[in-house]
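This report concerns only the one structure given below.
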Amino acid sequence: MAAPGAAGPGQAGPDTAGEVHFYHLTRSPAEHVLAELLRRSLERGWRALVRGTDRARLERLDEWLWLHPDEGFLPHGLAGGPHDARQPVLLTDAPGPGANRPDVVFLIDGAAPDPAEARSCRRLCLLFAAAEAGAVEAARAHWRAVCDAGLAAFYWSEESGRWECRRRHPPAGN
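Here it is in structure tokens:
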């Protein structure tokens, strides 16, 4: 399977503030998709913030990122440390702007997008799994809110076995 965004993210629209990318996980574990997206962000020279809703889950993600060198080393830290502002990737459950001044914000485990935050960074990415109760319905509501706020939105699906941009707002050509 192609890596998420191998044919798309970064190419789907201009690199401007206010892009919101929705990743519908149907085949791949969230950790693997997130690790690949983080790697691509760092390759661009971007700082990243990963916001979740459960501190214990973020602690497990922190450990997973350290213990899976087959995914490649991703320099990161868990928010609350003395060097949060210097972290290329910062994991947090706190709302508001990231201490590391992120270029891209990743929302996991039901964290909700904020249009103001999307406008303050290059890209905001919402990862949601089909298997999580209510996740698809919540993502649809977030999509409507993002579009109503006038932001560019991209829906990515891996249903075919590779990542494809299945929908965008505004539609291509507008």
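Counting from 67, one number per residue, gives the positions in the sequence shown under my numbering.
Quick reminder that beta carbons are idealized off the backbone N, C-alpha and C, glycines included.
None of these values were measured; they are calculated from a predicted model.
Quiz item: Taking Cβ to Cβ, would you say Phe194 is nearer than 9 Å to Ala114?
Solution: no
Self-check item: Simplified DSSP assignment, three categories, for Cys191
Solution: strand
Quiz item: In three-state DSSP terms, what is Arg232?
Solution: strand
Self-check item: Three CB pairs or more closer than 8 Å across the stretch 82-95 and the stretch 123-138
Solution: no
Self-check item: DSSP state of His149 mapped onto helix, strand, coil
Solution: coil
Quiz prompt | First and last residue of the uninterrupted beta strand (DSSP E) at Ser107 | solution = Looking at the DSSP string, Ser107 is not in any beta strand (DSSP E); the run it does join, the alpha helix (DSSP H), is 96-109.
Quiz item: Any idea what DSSP makes of Arg117, helix, strand or coil?
Solution: strand
Quiz prompt | Assigned secondary structure, Ala204 (DSSP; H/G/I helix, E/B strand, else coil) | solution = helix
Exercise. Sort Pro181, Arg234, Glu230, Ser186 by Cα distance to Ala211 and report the nearest one.
Key: Pro181
Self-check item: Run of the beta strand (DSSP E) containing Glu85, from where it starts to where it stops
Solution: 85-91
Practice problem: Classify Thr119 as buried or exposed, calling it buried when 16 or more other Cβ atoms lie within 10 Å of its own Cβ. | Solution: exposed
Quiz prompt | Burial state of Trp107 (16 or more Cβ within 10 Å) | solution = Before going further, note that residue 107 is Ser rather than Trp in the sequence given. Per the 10 Å Cβ criterion, buried.
Quiz item: How would you call Phe139, buried or exposed, if buried means at least 16 neighbouring beta carbons within 10 angstroms?
Solution: exposed
Quiz item: What did DSSP end up calling Trp209 once you bin it into helix, strand or coil?
Solution: helix
Self-check item: Distance, Arg206 Cα to Arg185 Cα
Solution: 20 Å
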